[in-house]
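Numbers 493 to 825, taken from my numbering, label the letters of the sequence shown in order. A virtual CB, placed ideally from N, CA and C, is assigned to each residue, including glycine. Presented below is the structure to which this report refers.
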Amino acid sequence: MCSTSLSSFASDEVYSKLLHTLTVIEIITHSFGAYIIISKTPKKFESVKAGMLFLHFAGAIVDLYFSLLSMPVILIPVCAGYSLGILRLFGVPSSVQNYMGVCSLEVMISTIVIFLEDRRYRLINGQKDSTLRKWYRLLFATLHYALALTFPVPVYLSLPNQEDGKLVSQNSNQCVPSDVFNNPQFFLLDLTGHKIMICILCSLSVLLFQMSLQFGLIFRQLLKHEPVSRNTQRLQHQFFIAMSLQVIIPIVIIAFPAFYFGFSVYFNYYNQGANNLTFILISIHGVLSTITMLMVHTPYRKSIIEMLHLDSIQSGGRARLIWKFSTRTSNRF
Numbered sequence: 493m494c495s496t497s498l499s500s501f502a503s504d505e506v507y508s509k510l511l512h513t514l515t516v517i518e519i520i521t522h523s524f525g526a527y528i529i530i531s532k533t534p535k536k537f538e539s540v541k542a543g544m545l546f547l548h549f550a551g552a553i554v555d556l557y558f559s560l561l562s563m564p565v566i567l568i569p570v571c572a573g574y575s576l577g578i579l580r581l582f583g584v585p586s587s588v589q590n591y592m593g594v595c596s597l598e599v600m601i602s603t604i605v606i607f608l609e610d611r612r613y614r615l616i617n618g619q620k621d622s623t624l625r626k627w628y629r630l631l632f633a634t635l636h637y638a639l640a641l642t643f644p645v646p647v648y649l650s651l652p653n654q655e656d657g658k659l660v661s662q663n664s665n666q667c668v669p670s671d672v673f674n675n676p677q678f679f680l681l682d683l684t685g686h687k688i689m690i691c692i693l694c695s696l697s698v699l700l701f702q703m704s705l706q707f708g709l710i711f712r713q714l715l716k717h718e719p720v721s722r723n724t725q726r727l728q729h730q731f732f733i734a735m736s737l738q739v740i741i742p743i744v745i746i747a748f749p750a751f752y753f754g755f756s757v758y759f760n761y762y763n764q765g766a767n768n769l770t771f772i773l774i775s776i777h778g779v780l781s782t783i784t785m786l787m788v789h790t791p792y793r794k795s796i797i798e799m800l801h802l803d804s805i806q807s808g809g810r811a812r813l814i815w816k817f818s819t820r821t822s823n824r825f
């Protein structure tokens, strides 16, 4: 099934220019976001600052990888493509770039899971850390990052012959322009797309289950009637909502390209303009996540308002208490 809609986004030239523009926006946005986290997070919440900074860093890396370093052109429903980014100029093979790109998304999601697990622990146990806790956290992070970095291995162990695969793909997908198969950066990952889809679904199922579990445990803890003031409970709920928005929004943004790729492979649908737009969307997920973070967390929002010399609305003063967590009532944050 072929489609020429969104053809204005199908050319490599337009695609490259859009990604270059996004790169400038991403560098400015992520640099500003990192500055705000480092300089405007209250000092007594160092653990919050470290986790949020690392989460911010993971999103920034994914953005810059797809918009600058790799700039992949994917030819879905053919599980193949080529790169236009600066890694190509350094001779990095497309197969390696593809592996790094897929893993980077999984690493980012793993970072979210690790961040949520730490927030759950802090909510229950406060800032105290035992030796057992440190070893558990190290093992937890190691297992999740190991999964993120190795889940494509089964596909790479059974790569199709590139020359034979080009002929098969070209004959079975007449919509794809024949000249792209002669691109020196062309790389065929999977003839049918079934293997990579299975690997992605298995990995995402594990990570999304872990994410949902951590959200559920945090929410259950917030529902418990503990000996804390109503104000403390309200602050905990507000922070949970802010944290949820910051985490869920980028996941939802990435879900749309994932759904489109699955749809295209299953129905053998080819639309290069839509293919390019999906990667543009992936490339700005971190920017949208950073903007969300700066909006929903009041200390950051208030700092920006002060920097811009704007008057703070009164409701902002109430939300600021999320971070002014009184140690006299509770230290579980």
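With DSSP as the reference, identify every bridge partner of ASP621, one or two as the case may be.
None; ASP621 has no bridge partner.
Beta-bridge partners of SER575, as assigned by DSSP
PRO564
Chain-order list of residues whose beta-carbon lies under 7 Å from that of PHE501 (same chain, five-residue window excluded)
TYR507, GLY765, ASN768 and LEU769
Contact under 8 Å by Cβ, VAL660 with LYS687
no
If you run the structure through DSSP and keep just helix, strand and coil, what is TYR762?
strand
First and last residue of the uninterrupted alpha helix (DSSP H) at LEU680:
Premise fails: LEU680 lies in the beta strand (DSSP E), 679 to 682, not in any alpha helix (DSSP H).
Going by DSSP, what residue range makes up the alpha helix (DSSP H) through GLY708?
686 to 715
Taking the straight line between their C-alpha atoms, what separation do you get for VAL594 and MET735?
25 Å
Along the chain, where does the alpha helix (DSSP H) that runs through GLY657 open and close?
654 to 664
Which class does CYS667 belong to by DSSP, given the choice of helix, strand or coil?
coil
Excluding the 5 residues preceding and the 5 following SER804 in the sequence, name in chain order all residues of the same chain whose CB lies nearer than 8 Å to its CB.
With a pLDDT of only 43 at SER804, under 50, the local geometry of the prediction cannot be trusted, and no value is derived from it.
How about the stretch 605 to 624 and the stretch 696 to 714: do they share at least three Cβ pairs that are nearer than 8 Å?
yes
Alpha helix (DSSP H) containing SER508: first to last residue?
504 to 532
Using a Cβ-Cβ cut-off of 8 Å (strictly less than) and excluding sequence neighbours within five positions of LEU680, which residues of its own chain qualify?
VAL570, CYS571, ALA572, LEU651, PRO652, GLN654, GLY657, LYS658 and SER661
What does a CB cutoff of less than 7 Å around HIS526 pick up in its chain, not counting 5 residues either side in sequence?
Strictly speaking, residue 526 in this sequence is Ala, with His absent from that position. LEU545 and HIS548, listed in sequence order.
Looking only at its own chain, which residues have a Cβ that is under 7 Å from the Cβ of MET563, when we skip the five neighbours before and after it?
SER508, LEU511, SER575, LEU576 and GLY577
Report the residue from LEU780, PHE701 and ILE690 whose alpha carbon sits nearest the alpha carbon of ALA750.
ILE690
How about GLN738 and VAL788: do their beta carbons lie closer than 8 Å?
yes
Leaving out the 5 sequence neighbours to the left and right, which residues in its chain are closer than 6 Å to VAL757 when beta-carbon positions are compared?
PRO569 and GLY685
Please say whether ALA550 and THR603 have beta carbons closer to each other than 8 Å?
yes
Just mark MET493 as buried or exposed, buried being the case when its beta carbon has 16 or more other beta carbons within 10 Å.
exposed
Sub-8 Å separation of VAL668 and LEU597 beta-carbons:
no
Where PRO644 and TYR591 are concerned, what is the direct C-alpha to C-alpha distance, given to the nearest angstrom?
7 Å
Measuring straight from C-alpha to C-alpha, what distance separates THR782 and SER523?
10 Å
Under 8 Å between the Cβ atoms of ILE528 and LYS541?
no
From the DSSP secondary-structure annotation, give me the bridge partner or partners of CYS494.
TYR762
Which value, in whole angstroms, describes the spacing of the CA atoms of MET600 and ASP671?
34 Å
Compute the beta-carbon to beta-carbon distance between VAL605 and GLN677, rounded to the nearest angstrom, for a pair I have assumed lies under 8 Å.
With 8 Å as the limit, VAL605 and GLN677 do not qualify as a contact, their Cβ atoms being about 33 Å apart.
Which ranges does the alpha helix (DSSP H) cover as unbroken runs of at least 4 residues, wholly within the stretch 581 to 649, from first to last along the chain?
586 to 617, 623 to 642 and 645 to 648
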